[in-house]
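Notes follow the structure.
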Amino acid sequence: MNWLLRGSAVPVVGVLLLASLPSAALATDTPEQIALMASACANCHGTDGRLAGNIPALAGVSADQLEAKLLAFKHDEEVAATIMDRIAKGFSDAELAALASHFAAIDPAGEATLATTTGQQE
């Protein structure tokens, strides 16, 4: 029984150590990780941030403008928010900046290219 407890403690300790890392310590700057974070935006803003309608499209908006808006949502400085104030609080400032850059690089009228999903030129 003692070996069973010791064996099961290893994964638990590993998970606790990972959970204790600050989010900045986790690599969030790879294109794949940024694209994964951006997929959380697809339900409301459409695939690649290109939704047309009442919810603003994100594709092609300047990174500075998007980042400022996301930070305003996060810090309760934007009163016209529906759910964005709560969503933005789930990301670090660096993650919001990365998301802003990701959506700014997408051509709002075109197809998603390898450059927008991996940061490389085709």
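Under my numbering, the first residue of the sequence shown carries the number 2, and numbering increases by one thereafter. Just so it is clear, CB atoms sit at the ideal spot from N, CA and C, and this is done for glycine as well. All values derive from a computational prediction rather than experimental measurement.
- When C-beta atoms of the stretch 93-104 are compared with those of the stretch 27-44, three or more pairs fall below 8 Å, so the two segments count as touching.
- Put simply, of 107, 87, 48 and 55 the residue whose alpha carbon is nearest the alpha carbon of residue 74 is 87.
- In this structure, the alpha-carbon of residue 89 lies about 11 Å from that of residue 83.
- Its Cα nearest to that of residue 68, the residue 102 stands out among 110, 102 and 111.
- In the displayed model, residue 50 falls within a helix according to three-state DSSP.
- In the DSSP assignment, residue 78 falls outside any alpha helix (DSSP H), carrying neither H nor E.
- The DSSP-derived three-state label of residue 43 is helix.
- Our two residues, residue 53 and residue 64, have alpha carbons roughly 19 Å apart in a direct line.
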